[in-house]
Amino acid sequence: MNKFLTLLLVAAVVVSSSAIAAKGDSSSPNGNPIFSMVESNQPAVINGGGVPNSSVELSFDLNGMESWDAFDDADNIIQNCLSGTAITGVGWTSVGITTEGASWLSEAGVLFTNSDGSADPNGVSLLFGAGDDFTGSGTYDSGGVVNLADVALADVESNVDGLFVLQFFEDFDDVADTIDANYTGGTLTFEGVDLVATPGPNCMMLPPPPPPVVPANNTLALLLLVLSMLGFVAYRRFA
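Residue numbers for the sequence shown follow the UniProt record's numbering, beginning at 1 and rising by one.
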């Protein structure tokens with residue numbers, strides 16, 4: 001074997017090892033396989049938003065959801081489904097995920113933040129299938145709402161606009177600009193302070209808002225009004 005071919009093989013082994021390590025690495029710097037904060041050095045402000053008094057349930061059953069690319073990629077799906085003062089907890093029930101290609105179940109994630117998006121240092125990323133480092137389908141359940149304080153994370157507090165943002169992303173992007181996983185069902189519940197659902201065109205996880213009620217023309221009332229006006233005119237004429 002010549003020296004050039006040997007160097008090529010060594011380089012291939014090094015590159016392959018790096019790729020495997022990168023794919024297996026967790027993006028959760030605090031060591032929690034499911035939850036992590038955007039800024040790992042940010043101290044957790046336990047229940048900084050106050051005592052939870054409300055919740056909003058979002059559904060994957062309505063339209064499903066696609067998980068595309070790495071964190072903050074332009075292809076990723078962004079959802080604006082709720083507003084309020086603070087998110088203090090999150091839970092999920094029967095969330096189904098099916099991967100595409102070589103993507104693992106452990107790589108499909110959702111980031112929830114205030115309207116600053118990934119610039120929110122208290123934003124929280126959630127990996128439903130943490131530990132399932134293989135392809136295929138899986139269903140995940142949190143067993144109730146998980147208080148962020150119980151996993152040493154800060155409440156996600158809104159800005160003055162009161163908006164919260166969800167970004168669906170891949171912890172490791174196997175193929176750029178391609179769907180890596182699909183959410184096939186289940187619900188995602190946020191608990192917090194003064195939370196309300198915000199259905200609309202920027203949210204596929206809530207039923208659309210009902211159409212505005214347009215009062216029907218009341219023909220009888222209109223006829224009575226016309227007759228009364230005619231009677232008034234006749235009275236004035238012959239008075």
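Ideal placement from N, C-alpha and C gives every residue a C-beta, glycine not left out. Predicted, not measured: the structure shown is a model, and the values here were computed from it.
Report all residues from its chain with a CB closer than 8 Å to the CB of residue i; omit the five preceding and five following residues, and keep chain order.
| i | result |
| --- | --- |
| residue 54 | 84, 191, 192, 193, 194, 195 and 196 |
| residue 181 | 66, 67, 97, 98, 99, 100, 103, 105, 107, 108 and 170 |
| residue 62 | 204, 205, 206 and 207 |
Helix, strand or coil: how does DSSP classify residue i here?
| i | result |
| --- | --- |
| residue 188 | strand |
| residue 105 | helix |
| residue 27 | Summary for residue 27: the model assigns pLDDT 49, below 50, so the residue's position carries little reliability; its value from the coordinates is reported in the next sentence. Coil. |
| residue 117 | helix |
| residue 148 | helix |
| residue 158 | coil |
| residue 153 | coil |
Here's a check: name, in chain order, each residue in its chain whose Cβ is nearer than 7 Å to the Cβ of residue i, leaving out the five neighbours to either side.
| i | result |
| --- | --- |
| residue 174 | 101, 102, 103 and 180 |
| residue 80 | 163, 165, 198, 202 and 203 |
| residue 76 | 68, 69, 167, 168 and 169 |
Can you tell me where the beta strand (DSSP E) holding residue i begins and where it ends?
| i | result |
| --- | --- |
| residue 169 | 163-170 |
| residue 80 | 78-83 |
| residue 204 | From DSSP, residue 204 is part of no beta strand (DSSP E); its letter is neither H nor E. |
| residue 35 | 35-37 |
| residue 92 | 86-99 |
| residue 139 | 137-140 |
Please return the same chain residues whose Cβ sits closer than 6 Å to the Cβ of residue i, not counting the five positions on each side in sequence.
| i | result |
| --- | --- |
| residue 159 | 114 and 115 |
Tell me the DSSP bridge mates of residue i?
| i | result |
| --- | --- |
| residue 112 | 124 and 166 |
| residue 53 | In the DSSP output, where bridge partners are listed per residue, residue 53 has none listed. |
Quick check: is any heavy atom of the ligand SAM less than 6 Å from the C-beta of residue i?
| i | result |
| --- | --- |
| residue 71 | The ligand SAM is not among the ligands present in this structure, which contains no ligands whatsoever. |
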